[in-house]
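*Asks:* Can you read through this structure? Questions will come right after.
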Amino acid sequence: MSIYFFGLVAASFFGFSTSPLAQELKIGFVNTDRVFKEAAPAIRSQKKLQDEFAPRDQEIKAVNSEATEVKAKLEKDGLTMAESEKRALESELARLSREIQRLQREFREELNLRKQEELKIILRIANEEIDKIAAEEQYDLILQEAVYRSERLDITDKVIKALEDD
Numbered sequence: 081m082s083i084y085f086f087g088l089v090a091a092s093f094f095g096f097s098t099s100p101l102a103q104e105l106k107i108g109f110v111n112t113d114r115v116f117k118e119a120a121p122a123i124r125s126q127k128k129l130q131d132e133f134a135p136r137d138q139e140i141k142a143v144n145s146e147a148t149e150v151k152a153k154l155e156k157d158g159l160t161m162a163e164s165e166k167r168a169l170e171s172e173l174a175r176l177s178r179e180i181q182r183l184q185r186e187f188r189e190e191l192n193l194r195k196q197e198e199l200k201i202i203l204r205i206a207n208e209e210i211d212k213i214a215a216e217e218q219y220d221l222i223l224q225e226a227v228y229r230s231e232r233l234d235i236t237d238k239v240i241k242a243l244e245d246d
């Protein structure tokens, strides 16, 4: 009986070696940083954001230029101008400084929000392409983060090319 049991265990053990568990996994890796920088949708998105925020950037530069002019006038003529005029220019400079800080803060907040919205769109599109590649080439696992990976596992170029073709 024990020989029969040992034979059954041995047969089942050898049977596992031909099971699907023993088949080699096909693994891929995608460098999402590269996709976010090099893929056509990412480049279009970056251009779109630059165009969208360029007027606000120009507004900040104009206010900054105005503040620079007021500061230069204070430094140049401050010693010779009337005290009331000097206080008025100092108040104007303080107001412009607060305005610049407010504009820059709002600009950064809104730009970051828009970047996150655009990244979500790019990520969704990229994930759809990754799913297509995984299905077509029968990948078992595709990773986005890894401490170490072999270059032969990297499918980033395929993903970037697929995104350009869309």
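Per my numbering, the very first residue in the sequence shown carries number 81; after that it's consecutive. We treat Cβ as the ideally placed atom computed from N, Cα and C, and that holds for glycine.
#1: With three or more beta-carbon pairs closer than 8 Å as the criterion, would you say the stretch 205-214 touches the stretch 173-190?
#2: So what does DSSP say about Ile273, is it helix, strand or coil?
#3: Does the beta-carbon distance from Leu243 to Ile107 come in below 7 Å?
#4: In angstroms with no decimal places, state the Cα-to-Cα distance between Asp131 and Ile213.
#5: Nearest to Val329 by CA position, among Gly158, Leu173, Ala142 and Glu163, is which residue?
#6: Give the straight-line distance between the Cα atoms of Ile240 and Ala134, rounded to the nearest whole angstrom.
#7: Pull up the CB-CB distance for Val60 and Thr236, whole angstroms please, since I reckon it's below 8 Å.
*Replies:* To lay it out plainly:
#1: No, the stretch 205-214 is not in contact with the stretch 173-190.
#2: In this structure the chain extends from 81 to 246, so residue 273 is not present and cannot be described.
#3: Contact: no.
#4: So the alpha carbons of these two residues sit roughly 33 Å apart.
#5: Coverage of the chain is limited to positions 81 through 246, which leaves residue 329 absent and any answer about it impossible.
#6: Computed Cα separation, rounded: 28 Å.
#7: No answer is possible for residue 60: the residues shown for the chain start at 81 and end at 246.
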